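Note sheet for the following structure.
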Amino acid sequence: MLGLEKKDFTLLLIVTVMVIFAPFVLNPFPEGTAMAQMFNAGYPDLMQRFAIFGILVIGFNILFGLTGYLSFGHAAFLGAGSYAAVWMFKLLGYDIIPAILLSIAVSGLFSLAVGYVSLRRSGIYFSILTLALAQMMFNMAYSVLGNPSSSYNLTNGETGLQVYNSDPQVLLSATDPNFPHLFGLSMRSETHLLVGNWDFTLNAGYYLSGLFLLLAFYISIRIFRSPFGLMLRAVKSNQQRLNYTGLNTRPYTLMAFVISGMYAGLAGGLLACMDPLAGAERMHWTASGEIVIMSILGGIGTLIGPILGAGFNEYFKNILSKINDSILHEWLSFLPDGFEDIMVTLIHPFVGKGWHLTLGLLFMMVIIFLPGGLVEGGQRIGKLFRRKKADTPSDETPVE
Amino acid sequence: MSKSILTRRNVLQTGAAAGAGLALPTILTAGSHSGYTNAPTGSTVTLGFNVPQTGAYADEGADELRAYMLAVEHLNGEGDGGMLSTFSSKTLEGNGILGKKVEYVTGDTQTKSDAARASAKSMIEKDGAVMITGGSSSGVAIAVQGLCQEAGVIFMAGLTHSNDTTGKDKKANGFRHFFNGYMSAAALAPVLQARYGSDRNAYHLTADYTWGWTQEESIAAATEAMGWNTVNKVRTPLKATDFSSYIAPVLNSGADILVLNHYGGNMVNSLTNAVQFGLRDKVVNNKNFEIIVPLYSRLMAKGAGANVKGIFGSTNWHWSLQDEGSKAFVKSFGTKYGFPPSQAAHTVYCQTLLYADACNRAGTFNPCGVGEALEGFEFDGLGNGKTLYRADDHQCFKDVLVVKGKENPTSEFDLLEIVEVTPMEQVKYAPDHPMFAGGDLGACNPGA
Amino acid sequence: MDAIILQILNGLDKGSAYALIALGLTLIFGTLGVVNFAHGALFVIGAFCAVTLNRIFSISFETTDPTKVDFLGNPATIKTTYLEHWFGAGPAAWMTDWSVPLAILMAIPVMLLVGVIMERGLIKHFYKRPHADQILVTFGLAIVLQEIIKFFYGANPIQTAPPDVFIGTMDLGVWLGFEANAIAYPYWRMVYFLFSTVIIGGVFAFLQFTTFGMVVRAGMADRETVGLLGIDIDKRFTITFAIAATVAGLAGVMYTPITPPTYDIGVELLVLSFVVVVVGGMGSLPGAVLAGFLLGIVESFASMNEVKNILPGIDQIIVYLMAIIVILVRPRGLMGRKGVMED
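Put into structure tokens, the structure is as follows:
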């Protein structure tokens, strides 16, 4: 169906179900409990991030997963997309369609230029070239092109590009919401569904991002299964041999680079649609490093991996950084008093201001013990499960 | 153990309680049940403390968080009450805000606009925070202020010194207690003129971002007005750690004053480098070469060690002030944590109290009501003397402290000495002053 | 002219730090084949060795002085360091004054140990893994190491002064025929430059004149063959890694008086050092040193007002621009050899 094999179609279906029911699945604990405050993730901002970073990493995976070219500068394309989108908001108005179109186009152009230069080299040289170009873009955005008193203020520097009441917004009509919207439907509008003690938030912005995620996922499956995808894999396994056969691989890798750049642009544009401010920090090389981490965490070269990796990373980032001592005390309040204090002291360095530490340790664990990322972890658990129930063998093949 | 389970979004619980028996889903469109975002309906109210917990300003953020926890304690009637007793408005009685117990959630701004907005969003959307406060950078303050305007909650800015926060980026839902670049310049200029004369050549090194630019503009304008000549204004990358290649050209530039528009790590490094290159021992144009650090932070001055001795700057507040409010705050903070509070801690403590008091006076948590109560509010007893929250731009006007690095510190906290307390009138400016023009406060937004 | 000479000196000084870090990176990459993103963190550990020694020297016991009061009005506590208590005021003051150079003695064993533990405990298991995995695991380690430092020392810069005799500037201009004080350069920065040349010289001499060094060089040229010769590579790898770690650590120790260390200085230095390594040519030790000094000087020149007036913001991107041009024009970097990391 949809030009997909049965296996791939099932995978698409699973992701679709995941996207639709995420607001419910991610809110497993009833309102007002300590568990809910700690672990619930079903609020719009985080769910939007799941979807948007999913798109970003899916795109990155087309480049890195298929061709093996490790780009250390993809965050720059995300940033370029965000700036393009906010400029559309400033000039035209809050309609998101021109914003998203321009952000994809701008990132496409940037990635064409960066790719054209950096794909002349491969391996670690390619990584450093993308890193250098992206850091240049970051520095330009952060200060050189961001001085409000200069005549070339494109990015508004550290503060971030935002929409002012004095901006032209030529297409803005009186009935439009004062926030990014699709045909008048504000990205902020939401419906609360109260069931028992549970509160589920259904947010327009999230479902739009989810829709784009599905589209991005579908296209990535098609690319993985196409002759083009096969060619990219061939580049990864042995580029030299390909070159010896007289084939020029660069158009293919450049194509992959531009496609993944456009994915990043889409993600950047969507990010601006959910929150119309573009800050330069999202272009820093550590942000690019985070994209690499997400793709490895999920499982590089797999279809579903990027979505899992992005979700895992964003979830822990958001949750860990918000835990403070008072929440810890509450959460551990079932323990005897003295023991509770000891536990809080022990956990304290790893949460709140120590969340970087925990995340760093988690990355190391995954990379050391699960080189194939979460997908490999899932497969191992699956195998274990099957071995235990050896009498009822299933013919399920692990999803790729 | 003894604490009750924290309840948030109590409105939902009430709604849910009704629905529970029937087990039928109730559908609510956002905010249809109340007039404003995150209206607290239970017995508690949740505030969101958004401070840098990681990154270069993590220590300052940690000090802000300490002050917030102290403020929450005092509002809830625990501890010694701190500045509650010296505050000129007497609506705070230690029974929370409007009779609701104060709870809080925390987030990490990472001193990045993007991350700060994300954590503020999550506190508003997930934890039901009705007010966001904190931060240690102007970029972050402006970004989060914009978000709070959109989301319909009050933003009580933390440490932000850029003119833009209450200038071209001012917002109806945002309020700033901290002073700004213009005020620093207005307070410093007369003192500098008295010490260094009016025939001086100043060389500016400026951190290349919002705050640096506005402070450079303010200081240059104020010093030029008293006769100083500005030799050069050089922008330095924010991420720079070694400033030698920016300091070296100062040596033979003919300048006899170096103005460091740097904060935090930048300030520590550039000052250390400037002293290394012997600038302070130089004699240029028959005058002693001098360095000025317009915005001081005691926490950061510690990093610069002996290099700050005798160097002039300004600060929002200092623990050695002897008014009743400051003494009460220092005592309360010092007793709890064992060291005196920083200016960042002081400003966020005041902001929390001011917000709570405004809610009490307005009789509501509605941002429009709270905003109205804060606009044009005059108060005293919070450590800065008589203070006005101006209605036109939501900037606080109060006395500004001109300080100098202490020559003979008696303890590790005793780094700055107050040279002069510049009265409020001298640092006041018109709301449409060119350095603050171009902004639009807009209408208050109560959210849904 | 004097401005140019000053910027060359600044460039050499910055270049010293870049070169020392890049040297270690290249050594690790050339022999072990590992891309070590935690190398910046090793520099930071070194820097905090100096801070730690300073802290150790100031460990003290408290006595109450009823004649003075602290900020809360309670009787003040007077701190006396054990150092002073044991050795007397004079030697204690001398040791505190010289704590940065003395920290070298502490940093050497610490860094060797850190290097050995890192290589045996982690890096060893990544020899056969793709470069991407190596980058990520060391990147993760770098985060963990710097967060541990932040946990103990906070995020604010910590002032660490050089010995008193090195405070101040030296008038180099007079020697060169300029007027007095035209070219005054801080003593400690010159000490740092000399120190780094000594270390660089030491590493090269070690590789050139010892059997161990010969094997390492052979390994860098052709790892497989050296392995086939039956040489115990594992042990040598560990030692090489430890040496590289020590070089980075010592660079950090001596750097503390130049800019007060913070836990996160490693991040920015690391990116620069990678650029240096690539510009110099992956796997080429002289290339790393040359590129380190070259980029330091170029960066300093780009910060000059005369240059910035023509090209605003050039100082923020020049290093990356250089790297791009060099890689595109000389694919193997300035001194890279054929066959090393070309794919």
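Residue numbers (numbering that gives the first Met the number 0), protein chains in the order written: chain A, 0 to 399; chain B, 0 to 447; chain C, 0 to 342.
Even glycine gets a Cβ: it sits at the ideal position worked out from N, Cα and C.
A quick note: this is a predicted structure, and the numbers were derived from the prediction, not measured.
- In the structure shown, L1 of chain A adopts coil according to DSSP, grouped into three states.
- When secondary structure is reduced to three states using DSSP, G80 of chain B falls in the coil class, being assigned neither helix nor strand.
- Rounded to the nearest whole angstrom, the C-alpha separation of S142 of chain A and G156 of chain A is 5 Å.
- The three-state secondary structure of L381 of chain B, taken from DSSP, is coil.
- The C-beta of S183 of chain B comes no closer than 9 Å to any C-beta of chain A.
- The three-state reading of DSSP puts T53 of chain B in coil, since its state is none of H, G, I, E or B.
- The C-beta of L112 of chain C has fewer than 16 other C-beta atoms within 10 Å across all chains shown, which makes the residue exposed.
- Every unbroken stretch of the alpha helix (DSSP H) spanning 4 or more residues and falling wholly within the segment 253 to 336 of chain B is given here in chain order: 263 to 275, 297 to 303, 323 to 336.
- Taking G138 of chain B as the centre and dropping the five residues before and after it, the same chain places the C-beta of S112, Y208, T209 closer than 7 Å to its C-beta, in chain order.
- Within chain C, the residues Q158, A160, P259 have their CB atoms less than 8 Å from the CB of G304 of chain B, given in chain order.
- With a threshold of 9 Å between beta carbons, V104 of chain B makes contact with chain A.
- Residue environment analysis places Y126 of chain C among the exposed positions, since fewer than 16 neighbouring C-beta atoms fall within 10 angstroms of its C-beta.
- Close partners of A131 of chain A in chain C (Cβ separation under 7 Å): V274, Y319, A322, I323.
- Considering only beta carbons, the part of the segment 269 to 289 of chain A lying closer than 9 Å to chain C consists of W284, T285, G288, in chain order.
- The straight-line gap separating the alpha-carbon atoms of L171 of chain A and P433 of chain B is approximately 29 Å.
- With a threshold of 9 Å between beta carbons, R65 of chain B makes no contact with chain C.
- Neighbourhood of A57 of chain B in chain A, by CB distance below 9 Å: K352, in chain order.
- Here R281 of chain A is buried. Its C-beta has 16 or more other C-beta atoms within 10 Å.
- A131 of chain A sits in a helix when the DSSP states are folded into three classes.
- Linking L296 of chain A to T9 of chain A through their CA atoms gives a straight-line distance of about 23 Å.
- Against chain A, the CB of H84 of chain C has no partner CB under 9 Å away; the residue lies outside that interface.
- At least 9 Å separates the CB of N317 of chain A from every CB of chain C.
- Segment contact: the segment 344 to 362 of chain A against the segment 272 to 286 of chain A, fewer than three CB-CB distances shorter than 8 Å; contact not assigned.
- For D314 of chain C, the enclosing alpha helix (DSSP H) stretches over residues 313 to 328.
- Here the C-alpha atom of I13 of chain A lies approximately 19 Å from the C-alpha atom of G300 of chain A.
- Assigned with DSSP and collapsed to three states, Q394 of chain B falls in strand.
- Contact note: K321 of chain A reaches chain B through V104, T105, G106, D107, S118, S121, M122, K125, D126, using a C-beta cutoff of 9 Å and chain order.
- Contact between A263 of chain A and H73 of chain A holds, with the beta-carbon distance rounding to 5 Å and staying under 8 Å.
- Inclusion of A186 of chain B and V426 of chain B in the CB contact set at 9 Å is warranted, their separation being smaller than that value.
- Shown here, Q161 of chain A sits in a strand according to DSSP, grouped into three states.
- Contact annotation: C349 of chain B and G384 of chain B have beta-carbon atoms that are not nearer than 9 Å.
- Within chain B, the residues S121 have their CB atoms less than 7 Å from the CB of L45 of chain A, given in chain order.
- One thing to note: Y68 of chain A has its Cβ no nearer than 9 Å to the Cβ of L77 of chain A.
- The beta carbon of M230 of chain A is closer than 6 Å to those of Y251 in its chain, skipping five residues each way along the sequence.
- Closest option to A38 of chain B, judged by alpha-carbon separation, among B:R297, B:A254, B:L97: B:L97.
- C-alpha of G127 of chain B to C-alpha of V16 of chain A: approximately 28 Å in a straight line.
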